[in-house]
Each structure stands twice: as structure tokens, then as C-alpha cells.
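Okay, structure first, notes after.
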Amino acid sequence: MQTFAIEARGLVKKYGDFTAVQGIDFAVPTGAIFALLGPNGAGKTTTIHMLTTLIAPSAGTAAVAGFDIVRAADQVRARIGVTFQEIAVDQDLTGREVLDIHGRLYRQPSALRRQRISALVELVQLGDALDRRVRTYSGGMKRRLELARGLMTDPEVLFLDEPTQGLDPQNRVGIWSYIRELNRTRGLSLLLTTHYMDEAEALANLVGIVDHGRLVAEGAPDALVAALGADLIRVRGQGDTSHFAREVATLPFVSRVDSDASNNAVLVYVDSGSSRLVDVIGVSNGNGFHVDDVTVARPSLGDVFLHYTGRALRD
Ligand SMILES: Nc1ncnc2c1ncn2[C@@H]1O[C@H](COP(=O)(O)OP(=O)(O)O)[C@@H](O)[C@H]1O
Ligand SMILES: [Mg+2]
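Residues in the sequence shown are numbered from 5 upward in steps of one, following our numbering.
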């Protein structure tokens, strides 16, 4: 078995003068769940399209399941499953037909197709809906069908592009549990993309944070967060944040300070939030910064994103 399910080195994708992906490097160990986290337009889908051999990179290389995505594209395709960001199935077909056609595309014999379909329907709990037209499905059911389709060929590596986009919270949590289950019971390696930091936090062993086509940080979610500081005091207010931010950074127990301009907030990373609160707020006095509210919390991946990009993930 390969050590790495995916290894990307210097992947670039240009569209004319515009560079959508500007040299991305990462490695996904076999059996891991890797999340590419970043805002819309960061280059996540473009990266998935290169890794799944749909588009050719402009530069760089990558191996998926040990095979080069350009020179051995057929071997890569034989070992991967993909679900796309936009629901791609023909809505006039039944769920069963969608899965069956997919198996036929891969020349699976009918007995194998039947066997796979019944196992997958169990897994994603489509039940009787399997023989209804897809257009009658809820958003969550369509996503589950897509997931089942991606698994028809029993892939080694599964790519999920925004697997819960547009779903309500209950359905999102449902999809998360299927993804975890697949990873746990089959040892499937997964690369998913998301612009939801809670999704990356909930699922991923490793996260790559992408912005403007670049990987700005990579690591285990806990480690990325811990590198910022133990606790985060978020001070929101009115007036000039820059002087306050500079002053508070000089306090000995402050590990770093970020400004979240779009929310008029200053993020102060400290060793222990509750015991430092009074000192941090004290610095705002006479600084032309009027404090409206203060919260103390553990930092999140959203804070990691802000730290590396200078922008909130929601912007
Ligand atoms: N076929 C294309 N032609 C030109 N620009 C494209 C094309 N596909 C994507 N882009 C641009 O590349 C950037 C990255 O897009 P995408 O990979 O879809 O980002 P994400 O999935 O992170 O939202 C965006 O600015 C997008 O407009
Ligand atoms: Mg996308």
C-alpha cells in the first residue's frame, strides 16, 4: 500500500492570464481525511479537477493512489471516486438507475452492480427512495446518492467537493457521519473541500487552508489552532483598532494579535483567557478604542484562516 493517497507538488492551473491555483503542495497519508478549507474562489474545485484527471495542470505534478495524474490518468481513474460540487445526476432517473449506469460505465458485471447497490443503499440509507426519480429527493438524499455513486467502484481515494453545500444542519451532520464511517470501516482516504470551518474541524485529520490559489497553512486542526495560543480574547469595539492592537501585543502573556477589520475586532491570543481579561481590556483605555463586547474562547480554524490571510473566512 502507498504511504500517501495523494501527493501534490507545485500544482498550478492557469486560465489565460489568470492563475486559479498558484503552486500547491500537500500530501495526504493513506487512510487520512484531508480537508481543503477556503473561501469561494480559492481554487479548491480546480485542485480537485486536476487531481481527478478532469483537467490537466499547467505545471507541477501529483500522484493519486501512487499513479501520476497525467501519465497514468487511467490508473488514477480506476482507483478514485468523486462527488462534484454541483449535483450532477440526471434527475429523471431513479436512484437505482443512477448507480447502475455508473457501474456500467466501469464495465462492472450485473451481479457485482446489484451487490454494490444493495450494500451502498444500506450505507447511505436511501431505502425505498432508491426506485423513485431523483427529482423527488430532498437535497440531503441527493447528496447521499452522489456519495453512493462515488463509491460504486470501491475506490481507494474518494474526492468530495463541498459535500454538504446547501444542506440544513441536520443533513450536514448526517453526511458527516457517513464520511467518518467510510473512513473508519473501509480505511478509505478522503480529500474533501469545504468553505465551512466547522466541517473541516468535525471531519479532518489534516487541513490545508487555501486562499487565492495558495496553500497558506497545513496541519492537524488541533495543532494549527494551538500554534496561535491557548485562549482567544476577542475584543470588538469602535474606533481605531490599530493602536490598541499594538499596545496589547506588548503584554508579556500575549502570544499574538490579529485584527479582524471587517468585524472591527482585535483578536488577542493569550496563555489563559479568563485570568488575562481585565489586563487586556485595561489597555483599551485612552487608546481611542471603545470596547463594545469581549468574548473568551478557544481559537477555531476560522481564527487560523484570519491569522494567515488577514481576512475573516466569511468575507
Ligand atoms: N474554466 C475556468 N475559466 C476561467 N476561470 C476559472 C475557471 N474555473 C475556475 N475559474 C476561476 O478560478 C478561481 C478558482 O475557482 P474554483 O477552483 O472553482 O474555486 P473554489 O472551488 O475554491 O470556490 C475562481 O476565481 C474562478 O472564477
Ligand atoms: Mg468549489
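Glycine is no exception: its CB is placed at the ideal position from the N, C-alpha and C atoms.
Here the structure is a predicted model, which means the values were calculated and not measured.
- Put simply, the stretch 183-194 does not touch the stretch 14-31. Fewer than three CB pairs are less than 8 Å apart.
- At a Cβ-Cβ threshold of 8 Å, residue 165 and residue 95 do not count as neighbours.
- Beta-bridge annotation (DSSP): residue 93 is not paired with any residue.
- Here the alpha carbons of residue 142 and residue 153 stand approximately 16 Å from one another.
- Ligand 1 never approaches residue 182 closely enough for any of its heavy atoms to be under 7 Å from the residue's Cβ.
- Contact annotation, residue 269 with residue 239: C-beta distance approximately 6 Å; criterion of less than 8 Å satisfied.
- Listed in chain order, the beta strand (DSSP E) runs fully inside the stretch 187-214 are 193-198, counting runs of at least 3 residues.
- Residue range 48-55 is occupied by the alpha helix (DSSP H) that includes residue 53.
- Contact between residue 23 and residue 277 is absent: CB atoms are separated by about 40 Å, not below the 8 Å threshold.
- In the DSSP assignment, residue 236 falls outside any alpha helix (DSSP H) and within the unbroken beta strand (DSSP E) covering 235-243.
- A distance criterion of 7 Å places the beta-carbon of residue 166 in contact range of ligand 2, judged by its closest non-hydrogen atom.
- Taking every protein chain shown into account, the CB of residue 150 has 16 or more other CB atoms within 10 angstroms, so this residue is buried.
- One alpha carbon belongs to residue 36, the other to residue 189, and they sit about 12 Å apart.
- Per the coordinates, the alpha-carbon of residue 72 lies some 39 Å from the alpha-carbon of residue 136.
- Restricting attention to 237, 195, 206, the CA atom closest to the CA of residue 8 is found in 195.
- For ligand 1, a non-hydrogen atom lies closer than 7 Å to the CB of residue 22.
- Along the stretch 118-185, the alpha helix (DSSP H) occurs as fully enclosed runs of 4 or more residues at 143-155, listed in sequence order.
- Selection 11, 42, 14 evaluated against residue 201 yields 42 as nearest (Cα-Cα).
- Cβ atoms of residue 260 and residue 232 come within 8 Å of each other, at about 6 Å.
- Taking residue 168 as the centre and dropping the five residues before and after it, the same chain places the C-beta of 147, 175, 176, 179, 180, 198, 200, 203 closer than 8 Å to its C-beta, in chain order.
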